[in-house]
């Protein structure tokens with residue numbers, strides 16, 4: 039019996055070796071054909087696939103950071119050129135197909151690993167996306183337009199990619215911090231020598247002023263996520279180096295970005311992360327928040343010469359006069375909620391900007407953007423079903439993360455908690471859960487929570 043098993047194993051290995059040789063020969067012939075023709079660009083898909091597979095099996099954490107960089111269009115450090123707008127992010131779909139095909143769908147153990155926890159939330163969300171595409175289709179939009187408009191939502195499939203291998207959380211977070219530092223240094227250089235240094239390939243519309251101050255920062259959600267990760271590492275290790283890095287990151291994000299929602303979100307996240315790490319009591323937080331409000335009302339206006347003073351005056355003026363960014367958002371809320379009530383259960387569908395006729399989502403000509411009013415987009419696209427999905431997801435996150443009310447499980451990293459607090463605190467104006475540039479962060483955080491829970495249960499069984 040044992041001998042027959044060895045024979046079978048030898049035959050199987052022989053078939054695999056033969057298949058590998060044939061594949062190598064075909065690949066070599068194809069590469070030679072491409073070189074003869076001089077079509078070097080055709081080699082890129084093979085090189086890209088090879089690099090991705092090597093990193094996947096050898097340096098998974100580096101691959102994850104690379105995925106985030108690609109997600110943000112390589113931080114606009116390279117021109118998209120002939121590939122067209124958003125082309126770099128489109129490479130993520132190649133990675134999904136490549137890695138899920140190479141591992142997840144061919145590995146029964148990997149499939150079983152993702153059945154519990156958030157494994158069922160992903161297909162249900164994709165079902166809602168399909169319903170949204172159908173909704174817009176029956177209202178006159180071509181089906182292919184809906185598929186293209188919803189492509190950002192498909193990136194939630196990265197949850198299965200991240201779950202297919204064990205992630206070294208500490209190594210991953212160190213890499214994110216390093217990438218964040220390098221990106222912010224580049225932002226500092228560009229900001230300091232704005233007119234003389236050309237560094238980022240971005241549209242002029244991305245450059246603006248708030249008051250008399252230049253407002254410029256590149257990095258999308260990554261520059262918000264990196265400080266949260268850094269502060270979480272400080273709470274875990276109590277190393278002052280992480281605190282210094284965090285302060286540098288926050289200073290850059292506030293001075294160059296000047297985004298009010300981000301300032302509020304990071305402040306709230308830091309306070310709650312301090313509370314759950316038992317560095318500060320809830321009663322102290324209750325005292326700190328009023329003090330911060332008083333500080334913003336009394337002290338900041340006195341600092342009129344600083345950008346914080348001008349930012350405060352601009353905010354106050356916009357709220358009182360219902361003008362500027364605040365006024366635009368108020369108008370946006372009124373319009374989109376007037377559309378939502380027409381189809382509150384399943385939403386209003388997912389619309390493409392190429393669909394110009396009867397498109398209730400595209401209001402660019404009035405300077406109203408659905409992306410500027412936070413999670414209203416979730417309600418607009420998926421209706422009450424979308425809100426229920428998110429609430430159930432957050433409920434599951436709470437059950438995995440907390441052992442009792444206000445008591446975080448020891449295996450849960452503070453950064454993961456900080457991500458959810460930031461996303462909830464800014465949901466009125468920012469969509470940090472399912473936006474096309476942020477949904478991949480949700481996939482990663484859910485995977486890290488799942489893996490930490492599996493690890494804790496394995497330790498308890500051991």
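Numbering (our numbering), first residue to last: 39 to 500. From the three backbone atoms N, C-alpha and C, an ideal C-beta is built for every residue, glycine too.
What are the boundary residues of the alpha helix (DSSP H) that residue i is part of?
{"i": "residue 168", "result": "159-175"}
{"i": "residue 127", "result": "125-137"}
{"i": "residue 398", "result": "Premise fails: residue 398 is in no alpha helix (DSSP H) and is neither H nor E."}
{"i": "residue 89", "result": "82-96"}
{"i": "residue 305", "result": "298-314"}
{"i": "residue 187", "result": "181-187"}
{"i": "residue 463", "result": "452-463"}
Anyone know if the C-beta pair for residue i and residue j falls short of 8 Å?
{"i": "residue 434", "j": "residue 156", "result": "yes"}
{"i": "residue 432", "j": "residue 469", "result": "no"}
{"i": "residue 265", "j": "residue 304", "result": "yes"}
{"i": "residue 113", "j": "residue 256", "result": "yes"}
{"i": "residue 207", "j": "residue 486", "result": "yes"}
{"i": "residue 270", "j": "residue 419", "result": "no"}
{"i": "residue 464", "j": "residue 302", "result": "yes"}
{"i": "residue 440", "j": "residue 260", "result": "no"}
{"i": "residue 205", "j": "residue 377", "result": "no"}
{"i": "residue 438", "j": "residue 306", "result": "no"}
{"i": "residue 178", "j": "residue 395", "result": "yes"}
{"i": "residue 409", "j": "residue 473", "result": "yes"}
{"i": "residue 297", "j": "residue 367", "result": "no"}
{"i": "residue 385", "j": "residue 173", "result": "yes"}
{"i": "residue 313", "j": "residue 323", "result": "yes"}
Per DSSP, what kind of secondary structure is residue i in: helix, strand or coil?
{"i": "residue 292", "result": "helix"}
{"i": "residue 238", "result": "coil"}
{"i": "residue 281", "result": "helix"}
{"i": "residue 116", "result": "coil"}
{"i": "residue 329", "result": "helix"}
{"i": "residue 417", "result": "helix"}
{"i": "residue 253", "result": "strand"}
{"i": "residue 485", "result": "helix"}
{"i": "residue 446", "result": "strand"}
{"i": "residue 406", "result": "strand"}
{"i": "residue 427", "result": "helix"}
{"i": "residue 267", "result": "helix"}
{"i": "residue 480", "result": "helix"}
{"i": "residue 205", "result": "coil"}
{"i": "residue 318", "result": "coil"}
{"i": "residue 260", "result": "helix"}
{"i": "residue 73", "result": "Low per-residue confidence applies at residue 73: pLDDT is 49, beneath 50, and the placement is therefore not dependable, though the value from the model is reported in the following sentence. Here residue 73 sits in helix by DSSP."}
{"i": "residue 287", "result": "helix"}
{"i": "residue 381", "result": "coil"}
{"i": "residue 391", "result": "coil"}
{"i": "residue 276", "result": "coil"}
Apart from the five residues just before and just after residue i, which ones in its own chain have a Cβ nearer than 8 Å to its Cβ?
{"i": "residue 86", "result": "129 and 132"}
{"i": "residue 371", "result": "411 and 414"}
{"i": "residue 138", "result": "195, 198, 199 and 202"}
{"i": "residue 135", "result": "none"}
Which whole-angstrom value is the C-beta distance of residue i and residue j, which I expect to be below 8 Å?
{"i": "residue 424", "j": "residue 382", "result": "Actually they do not touch by this definition, with Cβ atoms about 11 Å apart."}
{"i": "residue 162", "j": "residue 427", "result": "6 Å"}
{"i": "residue 235", "j": "residue 262", "result": "Incorrect: roughly 24 Å between the Cβ atoms, too far for contact."}
{"i": "residue 456", "j": "residue 237", "result": "Rounded, the Cβ-Cβ distance is 29 Å, inconsistent with contact."}
{"i": "residue 90", "j": "residue 101", "result": "7 Å"}
{"i": "residue 225", "j": "residue 294", "result": "6 Å"}
{"i": "residue 219", "j": "residue 283", "result": "7 Å"}
So with Cβ pairs under 8 Å, would you call residue i a contact of chain D?
{"i": "residue 234", "result": "Looking for chain D here will not work: only one protein chain is present."}
By Cβ distance below 7 Å, which residues in the same chain neighbour residue i in space, the five residues on each side in sequence not counted?
{"i": "residue 267", "result": "211, 214, 215 and 453"}
{"i": "residue 209", "result": "99"}
{"i": "residue 73", "result": "Note that residue 73 has pLDDT 49, beneath the 50 cutoff, so the model's placement of it is unreliable and the number below is only indicative. Counting only Cβ-Cβ distances below 7 Å, and skipping sequence neighbours, we find nothing."}
{"i": "residue 183", "result": "390, 392 and 393"}
Would you mind reading off the limits of the beta strand (DSSP E) that contains residue i?
{"i": "residue 441", "result": "440-442"}
With a threshold of 6 Å on Cβ separation, who are the neighbours of residue i within its own chain once the five nearest residues in sequence on each side are excluded?
{"i": "residue 192", "result": "none"}
{"i": "residue 280", "result": "268, 271 and 272"}
{"i": "residue 160", "result": "194 and 197"}
{"i": "residue 120", "result": "With a pLDDT of 46 at residue 120, under the threshold of 50, the predicted position of this residue should be treated as unreliable, though the coordinate-derived value follows. The answer is none, since no qualifying residue turns up."}
Is residue i near the ligand PLP, with its Cβ less than 7 Å from a heavy atom?
{"i": "residue 216", "result": "As for the ligand PLP, it is missing from this structure, which has no ligand bound."}
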